[in-house]
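Written below as structure tokens is the structure these notes are about.
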Amino acid sequence: MRGTELVYARAMASDRMMQAIGTLERAVSRLEQDVIRLQKAPSNPPSNDIDRTAARAALQSLDDLIDTLKARTHG
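According to the numbering used here, the sequence shown holds residues -10 to 64 in order.
Put into structure tokens, the structure is as follows:
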């Protein structure tokens, strides 16, 4: 690739990465809202109850991944 083509390819890849990060952020936000809604709902039988600790840990892990991806994209 020539210099200008390489710059263009990197810009396109960065744009796609930012779009993917945005998609991940929206998905995490929806998951967080679902967890909040489920916590406010009347208690379900234990077999249908969510593992709130695991759900929060999973959401935090996704938040951390998003932060890592953002740092790589902007760094």
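Here a beta-carbon is modelled for each residue, glycine too, at the ideal position from N, C-alpha and C.
If you reduce the DSSP assignment to three classes, tell me which class residue i lands in.
{"i": "residue 30", "result": "coil"}
{"i": "residue 41", "result": "helix"}
{"i": "residue 15", "result": "helix"}
Thinking C-alpha only, which one of the options is nearest residue i?
{"i": "residue 50", "options": "61, 20 and 31", "result": "20"}
{"i": "residue 70", "options": "-2, 28, -6 and 54", "result": "Since the first residue of the chain shown is -10 and the last is 64, residue 70 is not available in this structure."}
{"i": "residue 55", "options": "40, 45, 7 and 30", "result": "7"}
Using only the alpha-carbon positions, how far apart do residue i and residue j sit?
{"i": "residue 31", "j": "residue 40", "result": "15 Å"}
{"i": "residue 13", "j": "residue 52", "result": "9 Å"}
{"i": "residue 10", "j": "residue -8", "result": "27 Å"}
Would you grab the beta carbon distance between residue i and residue j for me? Rounded to a whole angstrom, and I think it's under 8 Å.
{"i": "residue 44", "j": "residue 24", "result": "5 Å"}
{"i": "residue 3", "j": "residue 62", "result": "6 Å"}
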